[in-house]
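Residues 63 to 217 in my numbering are what the sequence shown spells out, letter by letter.
Here a beta-carbon is modelled for each residue, glycine too, at the ideal position from N, C-alpha and C.
One structure is given here, and the rest of the page talks about it.
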Amino acid sequence: MDDDVTLATLVDDAVVTAKVGALARLCHEVNRAYCEAAGDDSQLPWDEAPDWQRESAVDGVQFLLGDPAVGREQSHERWMAQKTADGWRYGEVKDAQAKTHPALVAYGDLPAAQRVKDALFEAVVRAGDLALDEVLIEALRRMPLPQGTITRTSS
63 MDDDVTLATL
73 VDDAVVTAKV
83 GALARLCHEV
93 NRAYCEAAGD
103 DSQLPWDEAP
113 DWQRESAVDG
123 VQFLLGDPAV
133 GREQSHERWM
143 AQKTADGWRY
153 GEVKDAQAKT
163 HPALVAYGDL
173 PAAQRVKDAL
183 FEAVVRAGDL
193 ALDEVLIEAL
203 RRMPLPQGTI
213 TRTSS
């Protein structure tokens, strides 16, 4: 395999990983702020959140980025399937030890406040994806290029 292709693939992977991580953190913090505004102080900051919670946010971001046609209902269905596969079940109270969660119901049966969380998650991913692309493009435009190896074209 050509070294340039390998380097390009590594750079692409690094950019996608960084973008997904940044969006997952942002989604988590927006959800935490929403919960706090509603009187729920149970959500920990991203750096203190349990691995399963951070991994769930990362997976949700990857799912939405992977297909622009999917929306919050499909995202919720995927989240439910993964929770169920991990041993979670419906319960009136969210309890990580008992693996119960009140949002383990069909999207249409979710309370409005829970549907708002899904809408916020989707909106943050979609808007954040565009914003991070713009930031990355601007950063790349400002980077000095190696002498004599690459020519910049105007866009």
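Under a 10 Å Cβ-count criterion, S104 is classified as exposed, with fewer than 16 other Cβ atoms of the shown protein chains found around its own Cβ.
Around the beta carbon of G149, fewer than 16 other beta carbons sit within 10 angstroms, so the residue counts as exposed.
One Cα belongs to R151, the other to P206, and the distance between them is close to 53 Å.
Using a C-beta cut-off of 8 Å, the stretch 123-143 makes no contact with the stretch 94-102, since fewer than three inter-stretch Cβ pairs fall below that distance.
Distance from the CA of L198 to the CA of Q176, rounded to the nearest whole angstrom, comes to 32 Å. A contact between stretches requires three or more CB pairs, one per stretch, nearer than 8 Å, and the stretch 186-193 meets this requirement with the stretch 74-88. For the pair A165 and L194, the Cα-to-Cα distance works out to about 30 Å.
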